[in-house]
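For reference, the structure is listed below as structure tokens.
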Amino acid sequence: MKVLCIGSMNLDFVYSVDHIVQPGETEASYSLDVFLGGKGMNQSVALAKAGADTYHAGLIGDDGKVFLDACKEHNVNGKHIKTIDVKTGNAIIQRDKNAQNCILLFGGANQMLTEEYVDGVLNDFEAGDILLLQNEVNMLPYIVDKAYERGMQIALNPSPFNEKLDDVDMSKIGIFLLNEVEGEQVTGLKDPDEIIAKLLDMYPDAKIVLTLGKDGAVYADKDQKHFQPIFKVQAVDTTAAGDTFSGYFLAGISEGMEVPKALKMAAKASSIAVTRPGAVPSIPLRAEVEAALAE
Ligand code: RIB
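Position in the sequence shown (from 1) plus 15 gives the number in my numbering.
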């Protein structure tokens, strides 16, 4: 079974700051680092590092060739990544002294997908293959419809949550991967149990993975519900923690792992990622995750 992610590739400009800058304030940063990121690429790298047969598709500009090298390095099949005459997407990230962040996106090439490009990519995949999506590329409604017609299983991380998701036929989504903020944005509810109940009411056949930050994560479908606490660590950078969790969880499920085991592996991988700076470079290999789980 192949796992395809049609998703973003961003150059992450990460500014280390004392606190997240406030409206009207000017603040000097301590340092600037540039990392590879983008929710799409982060989740593809997490999938591949977890051992899934991973394909990443999306668009970059001439300034994004480094993503092709990253695919080779991390065992992601990047043959569908295309270079166009538009700047690669980027993100301005402030990372504060408590390892919290805020992210400002510039879509660039990520927002230039066309029907022709999407059709060409999907032609390489078949019923039963998994498609993973986030909301950092355009054409989501079209991608979902076409992948569903093909019989692919579709997983959606509705992040960032905005009005562009209104046109997506959510009844075609098999797995929702979202955090508590996105859960509230989708359902209008704050309590995790109520969010899950509402999502299952709206999409009875879906599998829901709701991450709750320091309060762990919950999985639920119509037959089962499981809770996974976090592994406590000293975080230095929480960027891509959720992406690492999503990629590892999906990789576990795609290889037939029981849900509690996939949740535990995803939580451990995510706990390792937050101890390292950056997005793509922070994602651990499966062997490292398993060794840590065995400790
Ligand atoms: O989830 C973290 C990612 O969000 C960053 O890598 C940034 O590029 C944005 O897409």
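For glycine and all other residues, C-beta sits at the position ideal for the given N, C-alpha and C.
- With a 10 Å radius around the Cβ and a threshold of 16 neighbouring Cβ atoms, M127 comes out buried.
- Note: A235 is bridge-paired with I223 and K240 in the DSSP secondary-structure output.
- Distance from the Cα of V251 is smallest, within the candidate group S261, Y263, P219 and S286, for S286.
- For L83, same chain residues with a beta-carbon under 7 Å away, outside a window of 5 residues either side, are G93 and I96 in chain order.
- Distance between R165 and L146, taken at the CA atoms: about 11 Å.
- In the DSSP assignment, C117 is bridged to Q109.
- The closest CA to that of G189, considering only L215, L47 and F260, is found on L215.
- Between N194 and G257 a beta carbon distance of about 6 Å is seen, short of the 8 Å cut, so the two are scored as contacting.
- The alpha-carbon of F246 is positioned some 6 Å away from that of K283.
- One Cα belongs to I118, the other to F28, and the distance between them is close to 10 Å.
- In the DSSP assignment, L155 falls outside any beta strand (DSSP E) and within the unbroken alpha helix (DSSP H) covering L155 to E164.
- In this structure, V196 lies away from I158, with their beta-carbon atoms at least 8 Å apart.
- The C-alpha of A85 is placed about 10 Å away from the C-alpha of G79.
- Selection K64, P244 and G122 evaluated against Q149 yields G122 as nearest (Cα-Cα).
- Counting the other Cβ atoms within 10 Å of the Cβ of K229 gives fewer than 16, which makes it exposed.
- A distance below 7 Å between beta-carbons, with the five flanking residues on each side excluded, links I211 to the following residues of its chain, in chain order: I223, L225, V233 and A235.
- DSSP, read as helix, strand or coil, puts S285 in helix.
- In this structure, the beta-carbon distance from V248 to V60 does not fall below 8 Å.
- If only uninterrupted alpha helix (DSSP H) runs of at least 4 residues are considered, those enclosed by the region 33-76 are 54-64.
- C-alpha of D160 to C-alpha of L47: approximately 40 Å in a straight line.
- In the three-state DSSP reduction, G135 falls in the helix class (H, G or I).
- If you check the C-beta of I118 against the ligand RIB, you find a heavy atom less than 7 Å away.
- Residue side-chain check: D78 keeps its Cβ at 7 Å or more from all non-hydrogen atoms of the ligand RIB.
- For E151, the shortest C-beta to heavy atom distance toward the ligand RIB is below 7 Å.
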